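Here is the structure we will look at.
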Amino acid sequence: MGRNLTCATVVLAFFLVAPALAQEKKAKPLKVTGDVGLLDTEKNYMIVVTKEGKLVTVDFDQKTKVTKFVPGPAKMSDIGLGQAASITYKKAGDKNVIDVLEFKVKAKKGE
4 MGRNLTCATV VLAFFLVAPA LAQEKKAKPL KVTGDVGLLD TEKNYMIVVT KEGKLVTVDF
64 DQKTKVTKFV PGPAKMSDIG LGQAASITYK KAGDKNVIDV LEFKVKAKKG E
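Under the working numbering, the first residue of the sequence shown is numbered 4, with each subsequent residue one higher.
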């Protein structure tokens with residue numbers, strides 16, 4: 004009898020804890036493509052304007068990977084307003100945090 008009660012308690016505990024564990028999954032990466040509308044390197048955020056005119060605010064930090072479409076390492080300060088960008092980000096609470104940012108370098112005259 005005591006053994007059955009212990010087994011039932013363990014099974015019940017599993018069913019109560021399993022949904023909580025399932026909710027702790029990693030945030031699924033999202034992607035946005037558009038032009039850089041605002042870049043604030045002091046407050047570590049930027050606004051991307053999509054082709055549809057939607058404004059998406061994303062945050063970044065020192066771990067954010069920034070790459071030029073012409074492959075090569077880059078940093079946030081290399082980005083200019085109006086440049087095309089492709090961003091992969093995750094939801095973290097009420098913020099959208101950038102994982103990877105790729106941007107296209109505008110050609111200079113004569114290139």
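Virtual Cβ for every residue (Gly too), placed ideally from N, Cα, C. Bear in mind that the values here come from a model prediction, so they are computed numbers and not experimental data.
For the beta strand (DSSP E) containing residue i, list its first residue and its last residue.
i	result
Ile101	Lys98 to Phe106
Ala87	Ala87 to Ala95
Val69	Lys68 to Lys71
Is residue i close to chain C, meaning its C-beta is less than 7 Å from at least one C-beta of that chain?
i	result
Glu45	The chain labelled as chain C is not found in the depicted structure, where only one protein chain is given.
What are the residues that DSSP puts in a beta bridge with residue i?
i	result
Asp38	Val52 and Ala87
Asp43	Tyr48
Pro76	Thr70
Helix or strand or just coil, what does DSSP make of residue i?
i	result
Asp62	strand
Among residues of its own chain, excluding the 5 on either side of residue i, which ones have a beta-carbon nearer than 8 Å to its beta-carbon?
i	result
Lys78	Val69
Lys34	Ser89, Ile90, Thr91 and Tyr92
Asp102	Pro32, Thr67, Lys68, Thr91, Tyr92 and Lys93
Can you find the residues in the same chain that come closer than 7 Å, C-beta to C-beta, to residue i, ignoring five residues on each side of it along the sequence?
i	result
Thr44	Met79 and Ser80
Lys87	In the sequence as displayed, the identity of residue 87 is Ala instead of Lys. Around Ala87: Asp38, Phe106 and Lys107.
Lys54	Gly37
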